[in-house]
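Enquirer:
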Amino acid sequence: MSTTPVTSAAAKTNRIGLQVLDYRGSKTTLCAGCGHNAIAERILEAYYEMGIQPERVMKMSGIGCSSKSPAYFMSRSFSFNSVHGRMPSVATGALLANKTMRSIGISGDGDTASIGMGQFVHLLRRNVPMIYIIEDNGVYGLTKGQFSATADIGSKLKTGVVNDLAPIDVCALAIQMGATFVGRSFSGDKKQLSTMLKAAIAHRGTVLLDVISPCVTFNDHEGSTKSYKYMQEHDDVVSEIGFIPPYEDIAVEYDPDTTVDVQLHDGSHLRLRKLHEDYDPTSKGRAVSMLMEAHEKGEILTGVFYVSAKEEDFTSTLNMVDEPLATLSSDRVRPGREVLAELMQEHR
Amino acid sequence: MSTTPVTSAAAKTNRIGLQVLDYRGSKTTLCAGCGHNAIAERILEAYYEMGIQPERVMKMSGIGCSSKSPAYFMSRSFSFNSVHGRMPSVATGALLANKTMRSIGISGDGDTASIGMGQFVHLLRRNVPMIYIIEDNGVYGLTKGQFSATADIGSKLKTGVVNDLAPIDVCALAIQMGATFVGRSFSGDKKQLSTMLKAAIAHRGTVLLDVISPCVTFNDHEGSTKSYKYMQEHDDVVSEIGFIPPYEDIAVEYDPDTTVDVQLHDGSHLRLRKLHEDYDPTSKGRAVSMLMEAHEKGEILTGVFYVSAKEEDFTSTLNMVDEPLATLSSDRVRPGREVLAELMQEHR
Amino acid sequence: MAISDIVQSQPMASSLVRSKKVANDFSIQVATVNGSGSQSANSILLRSIFSMGVPVSGKNLFPSNIAGLPTWFTIRVSGQGWVARKNDIDVLIAMNAETVHEDVHTLQAGSAVIFDEILNLEERRADLTYYAVPFDRLVVATGAEAKLRKLIKNMVYVGVAAQLLSIDMTCVETVVRKQFAKKLKAADLNWKAVQLGYEYAASTLTKEDPYVVEAMNATHGKIIVDGNAAAAMGAMFAGVTVVSWYPITPSSSVVEQLIGYMKKYRVEEDGKANFAIVQAEDELAAIGMVLGAGWAGARSMTASSGPGISLMAEFAGLGYFAEIPGVIFDIQRTGPSTGLPTRTAQGDITFIAGLSHGDTKHILLLPGTVKECFEFAMEAFDLAEGLQTPIFVLSDLDLGMNNWMSEPFEYPEKPLSRGKVLDAKQLDELGGFARYKDVDGDGIPYRTLPGTAHPAAAYFTRGSGKNESAKYTERPEDYEYNMLRLVRKFETAKSMVPKPIAEGTGKEKVGIIAFGSSHWAVIESRDQLERELHLKTDYLRVRAYPFTREVDDFVAKHETVYVVEQNRDGQLLNLLKVDLDPALVTKLQSITHFNGLPLDARTVTRAVASLEGAHK
Amino acid sequence: MAISDIVQSQPMASSLVRSKKVANDFSIQVATVNGSGSQSANSILLRSIFSMGVPVSGKNLFPSNIAGLPTWFTIRVSGQGWVARKNDIDVLIAMNAETVHEDVHTLQAGSAVIFDEILNLEERRADLTYYAVPFDRLVVATGAEAKLRKLIKNMVYVGVAAQLLSIDMTCVETVVRKQFAKKLKAADLNWKAVQLGYEYAASTLTKEDPYVVEAMNATHGKIIVDGNAAAAMGAMFAGVTVVSWYPITPSSSVVEQLIGYMKKYRVEEDGKANFAIVQAEDELAAIGMVLGAGWAGARSMTASSGPGISLMAEFAGLGYFAEIPGVIFDIQRTGPSTGLPTRTAQGDITFIAGLSHGDTKHILLLPGTVKECFEFAMEAFDLAEGLQTPIFVLSDLDLGMNNWMSEPFEYPEKPLSRGKVLDAKQLDELGGFARYKDVDGDGIPYRTLPGTAHPAAAYFTRGSGKNESAKYTERPEDYEYNMLRLVRKFETAKSMVPKPIAEGTGKEKVGIIAFGSSHWAVIESRDQLERELHLKTDYLRVRAYPFTREVDDFVAKHETVYVVEQNRDGQLLNLLKVDLDPALVTKLQSITHFNGLPLDARTVTRAVASLEGAHK
Ligand SMILES: Cc1ncc(C[n+]2csc(CCOP(=O)(O)OP(=O)(O)O)c2C)c(N)n1
Ligand SMILES: Cc1ncc(C[n+]2csc(CCOP(=O)(O)OP(=O)(O)O)c2C)c(N)n1
Ligand code: SF4
Ligand code: SF4
Ligand SMILES: [Mg+2]
Ligand SMILES: [Mg+2]
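Protein chains in written order, with my numbering: chain F, 2 to 349; chain X, 2 to 349; chain H, 190 to 805; chain Z, 190 to 805.
What follows is the structure, given as structure tokens:
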């Protein structure tokens, strides 16, 4: 990984005076060319460019090649590689303990759409404030390439086995279940992915990014619908994405008829220029039907499908004190003698 | 239960010469007035009227007041009350063992939308040929009334606790995930529910019926959105349902502009007369967005939302022999000596 | 010979006392259906006797449904302070037509039956005393509106019982008015019903049974509480901050009562909560959130029961191997699978001791009293953070949901102890740390919390192979080193968990070992054994796993040791077999009880008697 | 004294033999990276030696990732037929720059190193023989197109090794051509590479190490197979019809190989399958489908490993209590939680024996050979249906995924036995049935299958309280009766499960008990103990849980019994402690190995030696 262009920027520092180096992780143990490696690069760049202190970030994951990737970016961030399909609950618990932390979860299509479906749905429903990335390759990489629930009908394995069940569109599902920022990208589309990640960092609420990430070892051949080639040929971008961080001036012009401007929680702006006729990132219903119809047409849409900065996130819903619960002083969390006395009296 | 009107028909017999009595279950142990009791009545009537041999039916369930109800209808059918939230897998396994059986699963909103979400989604995706009924009361009845994931925002418990998370619309979810017959009804709407049930019996594939079934003990008060009163006031029927069994003549007239006629697998016809402007039971996308928009408007839609008799069900996808796998003779399932010899040779 | 005689003749014995008075030593059973609202009436009856200074216990035997099925509430009145379940009922209040015949049939000679006259009991037993009461008529007389009558009816039997058992009506009134403190009209109506019942009995019924309550001074300052409330209080005073749960009987009332306390006592001036309580989608998510929160530094907990515990197995192993604090309450119920959800048992202990695959070992706390439910709840959080591992607190339905007398709980003097956590300053001094290094030789490593502002603070948590500095490894020696450190940590735990409590002279030949709610039957049985069989026993109540030296010593000091427990397979015995020197194991004898009812003294006494007989 | 001397001096001893020839008694280790396609080369090397009639075993030590990390494949050549892992490597084929230095460093004196010259090993050890090979040059010489070179390179070392170890090239050619039977061009290319390697060695290298292969006649008719393939074959011949699984290492290859067999041999003329194999969404669903199918009458199975087994806990309890057949293969891997997914262990046995809360007990089959993987797979289905309960077959990564020699499997003569199932005709005769009645006194009730055309056929299956006729009940006596019947059923199982196998005279003072793949190290260790310490031992290999009488007898007959197993906590020992008479338990001593590597004989010998020393 440390041989990618990025290192050339190593001397440069970001707004908080850190170098890209400070955002690096350990050397990848994934296959050379695995889409997951590129995504890890984009993630660390985004945090670097947004000037986020690495120690303020929690990296969460389940089990899988994808779930290993937190080890390959931002070693200075705290990381929890949990059990298969259960990252959502662990991530939720961690945020309850310390809502002042930022959280990014890396999962796989198997980790999320198969074993993880139950927890995934309930994370979305709670709008837990975190970035949830699915490194989506349509197979179980770490167990050597069985189909996952996002594999398209008719997609073929090297072994010749053909998938005969319809794929689950995790984006349509996420919008329906309550995620407040939902998009799809491709590990090979550096610009789109980077912009989406920066906007994701600026958003507060559940961000679901389904990133098509080819598995070069088990699902990058002819007949695969999750290969580099297939994506390059079928990637159908629904909107051009512009991101203007709070510290940049937003005077830039845009045409309100073709472009939606969304102000995110930290004051930055997301500018979505419509490229697909039924595109409307402000309506859940329309976003979902657009995605469902795309499936029937066999299109693979990418871009930001839905975004709303209005809904309150789960930690706000719970109306907790401002400080992290984890480190409240004992005098705040252990009631006084009079309270116990009162309780005893009630039971006499 | 045996004091409901139905018994008046006891003398009568159905097409296979059985009386309603032959479809009865044991005495209910649910609360008097519980919606679940009415649903059990409708179910046994439907099987009676359709003339289904009780011994050909498997009654499956998870855990909950709702999941107990298989005990209260059709005692001559085989029944499996499994564990909480896991009925889908057990039901799937039973059908793999014997695809010639009919299967009906009774679940609750907690059993399905909370702990059961993962298995529920994958049952839908497989289009497992069974009727899946959610007796939906918005609470966990058997554990004394906590909110479930189908409870509406702002809905209030007797204790004053208010639900602050958005409900999961199991119908919209089911359509998106691949169920081929999806509708919602109300335990208090005898006619609508009975018709839907008969059509469900005629369908082959996953039928998901979300039946609002008030919990008189914990969720039938002012402030509840799943009470009898609330349903009577808010029930918004999207289509009038007509069902014509194969053994009845279908010459009946209908207006193709306002009515959709669907021929089901056993040759019977489902006639859906449009009552809601965006209604289109043949388009997944439109059905889902109609449901999602209804939520934003606070409407509770009932009726058949989506139906398709085209998709193949899971047992067909697996291309199994016609007989039940469970009882194949050993000469068919144990290969001969030559096969073992061949295998041994390969390993020399 | 002799032994069995005495034991068998027990029922007869009591029928002999028929005529003469039996004060403060009997059981009242109210037979009704659930959902009929008899709970408050029963609790008033219980508390009235309690406030006369007479020791009582109340046990509710309820069905696994919501309304309409038979329920039995038993109040034991015991001047000597025995609070375990007693098999024989002396006074039956029969309100349920469905069960009245069996209820009456199973009564021992000499008992009394207060019954609703509409149950018209034709054939009557000559050896019982019957009191017919026209409940409906009396209820109407209260002037209660129709929809309240079902409830009010229960208050009438309180009055009838009060009169027949000479319960002090001033005590009853105080209790009634305390119960309905916030609703004066309700208080008046209920009190009226009690009075009507009382007057009816006084005017119409003639006392023929021997059972009476006589004022004592044995309950002064004491409280009556259920173990789940006690555990909830303990958790609150332990400073719990993150709670994630999924409802399941009989554990739900731990969290539901905790929610009540936290809303009242843990919301700050600005109206914000210094805690988070989340109803998870299932138990996998519940324990997942607990571990996530524990990892991030919160005091986190969940409460569940058998089926939920089974679902937590995978995460429990992660908690053990990744060394993450968390507290899990298991309020045990009867049976494998769904079993009998509203019955009690102690059947999860071996399963939880090794909950998860591949050499996983857990620490268990075993409260036997409601006071310990309170204290161990606090202890559990200190242990979880001190040992960086999940701690399981095993209570049961009997302890958790029934009414128990207790000394009032004491305010914790010990400050919260948060374990080995390094902050930024310490990291500066140390210049870094190795997450899984056994710095202190006790097997317990140091950890940092997410957010610690230091470049060397972060580490990678995983359930897979790791070396001292938390780096991924598959090296055989690293794996072995880490697993052996975990063994050292488990050894360290022995010096931190609650020690067992010994009773008796310590000089007897026969010893008894038990844990949890079995305690109450055991102490009463020891008294029976001594009085009836002249068999003196020593007793050791185990309060935690891993076992501590005291257990070995106790067994070593006795010829025979009976291990008494409420499960089929002798689970505590099995753990002892694994951990004790086999020479000691030869002394152990198993006494089990597993029909779902709380253990009673007579069952223990019979078992010991026959096994002792066997010895001779 | 003497003892330890002998043991310590073992490595020296072999370095003494440096000069003279060592035939058919050494290990070859190929050090490479995974994903480099060395598998087929290694298997060709293995099978070539095998086809010379010389006993071999092959063990692959691979990382838990997909490509690019160190992998070691070890071929043990043993004229005496020892196939357990051997710690010392005699011939290293070093292809991995990352590990070459450590690989060489850990070699014992006298070993040989065949290495890729580009690894340029400067400082060389004087006590080793080095053979540098210009692999890349030789590969180019094969004329292989660029993208194939990485693979072909492996074939070159096969040729080099063949020449240096005097492996018969005609055997090598046959094996190569069999391997690539379907692709002639590939066969030619690969064979060419082997030849080039051979010729290079012949022309350029001078043999200086003592290791050679000499033709024997010890493998005639034998097969080489992995335990997972054997289990898959067993399942197919058992007539399995429903398979539901979720991928997990090292169990995936059970089902993946089964899929291959079923598609080939269980699809009928009309192209329809007489089976269903479903990849479930997770392990909860997998076992749920297995139980649903078992309930409906199918022979159903799943295969998993530690984490998946933990997730099956709740359903396992349902299977036990509702009495539903099903077969679960657990291919054990190392550690709690995720642990070391690609390492072996025997660490799930106690957990599974009591898998689920509340007095749940399971039946375990413990195959120790690939042949038993085949036989026990069949046995498991008969037992599951015969006993109406889930049956767990515990294999492990070593047994399941490595290459083992074996006698060919025998075709099952015993017809499928489907257990106590009543059909409509029988119901007519009986006029009905009671699902949970112990008609035969063996604790095993009768069942009917869904669809049985008889009005009395249906019954209600549940995990909650039930009486004999499957009606819901919470009655204490019904619950107790049912639980005691389940105990009787477990007793019955003892007469049905595979009995242990005893080796030795039966007259020795010292005994050894082991199970599963530990077998191979134990038998070799017994030989070492006898040769080196003149310590003769008897040996009992346990093959199932519950234990049968033979186990008690074996322990009774010996003074000391060493319990050898591959886990940290002495899990088999713990089960023995629970089930055996404590007097017998005093004789048991624990020998454990748990670093993730397959157990080797030397480890056992050392442990016994020191413990025996301790005895003196
Ligand atoms: C409970 C459990 N079951 C199965 C496994 C085995 N397993 C490891 S990763 C994985 C699937 C990973 O697929 P995905 O999430 O798509 O990640 P990818 O490797 O494709 O990036 C499975 C089934 C496990 N670790 N735990
Ligand atoms: C694993 C597990 N967790 C929790 C429970 C306790 N429990 C029983 S029923 C139920 C919820 C039932 O709610 P729902 O499915 O809506 O059925 P209802 O009673 O409302 O009809 C719960 C949580 C259980 N039986 N098993
Ligand atoms: S197997 Fe596939 S997913 Fe896994 S690391 Fe290799 S390329 Fe990536
Ligand atoms: S509690 Fe509610 S759901 Fe349960 S039986 Fe009563 S009314 Fe029905
Ligand atoms: Mg994947
Ligand atoms: Mg409900």
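The beta carbon of each residue, even a glycine, is placed where N, CA and C say it ideally should be.
Just so we're clear, the structure is a prediction, and the values are computed from it rather than from any experiment.
Do the region 86-97 of chain F and the region 135-155 of chain X touch if we need at least three Cβ pairs shorter than 8 Å?
Expert: Because the criterion of three Cβ pairs below 8 Å is not met, the region 86-97 of chain F and the region 135-155 of chain X do not touch.
Enquirer: From what residue to what residue does the beta strand (DSSP E) around R730 (chain H) run?
Expert: Element bounds for R730 (chain H): T726 to V731.
Enquirer: Is the region 166-176 of chain X close to the region 108-127 of chain F, with three or more CB pairs under 8 Å?
Expert: Yes, the region 166-176 of chain X is in contact with the region 108-127 of chain F.
Enquirer: Have a look at S186 (chain F) and I40 (chain F) and give me their C-alpha separation to the nearest angstrom.
Expert: S186 (chain F) and I40 (chain F): Cα-Cα distance of roughly 10 Å.
Enquirer: Would you say Y229 (chain F) touches ligand 5, meaning its beta carbon is less than 7 Å from a heavy atom?
Expert: Flag unset: Cβ of Y229 (chain F) not near ligand 5.
Enquirer: Could you name the residues of chain H that F510 (chain Z) contacts, counting a contact when the two beta carbons are closer than 9 Å?
Expert: In chain order: G524, P525, S526, T527 and G528.
Enquirer: Can you tell me the Cα-Cα spacing of L210 (chain F) and A487 (chain H), whole angstroms?
Expert: The alpha-carbon atoms of L210 (chain F) and A487 (chain H) are separated by roughly 29 Å.
Enquirer: Give every residue of the same chain whose Cβ lies closer than 6 Å to the Cβ of A212 (chain H), excluding the five residues on either side of it in the sequence, and list them in chain order.
Expert: Within the same chain, A212 (chain H) has close Cβ partners V401 and E403.
Enquirer: Closer than 7 Å: is that where the CB of D292 (chain H) sits relative to any heavy atom of ligand 1?
Expert: Every heavy atom of ligand 1 is 7 Å or more from the Cβ of D292 (chain H), so no.
Enquirer: So for P323 (chain Z), helix, strand or coil by DSSP?
Expert: P323 (chain Z) falls in the coil class under three-state DSSP.
Enquirer: Please classify D587 (chain H): does DSSP put it in a helix, a strand, or coil?
Expert: Reduced to three states, the DSSP call for D587 (chain H) is helix.
Enquirer: Can you tell me where the alpha helix (DSSP H) with A474 (chain H) in it begins and where it stops?
Expert: Note, A474 (chain H): alpha helix (DSSP H), E472 to W484.
Enquirer: With a floor of 3 residues, list each beta strand (DSSP E) that falls wholly inside the region 384-425 of chain H, ordered by position along the chain.
Expert: Listed in chain order, the complete beta strand (DSSP E) runs (minimum 3 residues) inside the region 384-425 of chain H are 412-414.
Enquirer: Any residue with its C-beta under 5 Å from a non-hydrogen atom of ligand 3 counts. Can you list them all in chain order?
Expert: Cβ-based neighbours of ligand 3 within the cut-off: F:L31, F:C32, F:C35, F:C66, F:G142, F:C216, F:V217, F:T218 and Z:I255.
Enquirer: Within 10 Å of its beta-carbon, does K374 (chain Z) have 16 or more other beta-carbons around it, so buried, or fewer, so exposed?
Expert: Answer is exposed; the Cβ neighbour count stays below 16.
Enquirer: Mind checking whether the beta-carbon of Y435 (chain Z) lies closer than 7 Å to any heavy atom of ligand 1?
Expert: Because some heavy atom of ligand 1 lies under 7 Å away, the Cβ of Y435 (chain Z) counts as near it: yes.
Enquirer: Listed in chain order, which residues of the region 138-154 of chain X have Cβ atoms closer than 8 Å to some Cβ of chain H?
Expert: Within the region 138-154 of chain X, the qualifying residues are Y141, G142, L143, T144, K145, Q147, F148 and A150.
Enquirer: Exposed or buried, A534 (chain Z), counting other C-beta atoms within 10 Å across all chains shown (16 or more means buried)?
Expert: It counts as buried.
Enquirer: When you compare the CB of T295 (chain Z) with every CB in chain H, is at least one pair closer than 8 Å?
Expert: T295 (chain Z) does not count as touching chain H.
Enquirer: Say yes only if the C-beta of H37 (chain X) is nearer than 7 Å to one or more non-hydrogen atoms of ligand 4, and no if none qualify.
Expert: Answer for H37 (chain X): yes, Cβ within range of ligand 4.
Enquirer: What do you get for K269 (chain H), buried or exposed, if any count of 16 or more other CB atoms within 10 angstroms of its CB means buried?
Expert: Before going on, a small fix: residue 269 (chain H) reads as Gln here, not Lys. The residue in question, Q269 (chain H), is exposed, as its Cβ has fewer than 16 Cβ neighbours within 10 Å.
Enquirer: I need the DSSP call for I40 (chain X), collapsed to helix, strand or coil.
Expert: If DSSP states are grouped into helix, strand and coil, I40 (chain X) belongs with the helices.
Enquirer: If you follow the alpha helix (DSSP H) that T316 (chain X) is part of, which residue opens it and which one closes it?
Expert: Looking at the DSSP string, the run of the alpha helix (DSSP H) that includes T316 (chain X) is F315 to T318.
Enquirer: Secondary structure at V582 (chain Z), three-state DSSP: helix, strand or coil?
Expert: Residue state, collapsed to three classes: strand.
Enquirer: Can you tell me which of Z:M490, Z:L480, Z:I238 and Z:A642 puts its alpha carbon nearest to the alpha carbon of G506 (chain Z)?
Expert: Closest by alpha carbon: Z:L480.
Enquirer: Please report how far the alpha carbon of T395 (chain H) lies from the alpha carbon of I513 (chain Z), in whole angstroms.
Expert: C-alpha separation (whole angstroms): 58 Å.
Enquirer: Is it true that the region 98-116 of chain F meets the region 459-477 of chain Z, where meeting means three or more beta-carbon pairs spaced less than 8 Å apart?
Expert: With the cut-off at 8 Å, the region 98-116 of chain F and the region 459-477 of chain Z touch.
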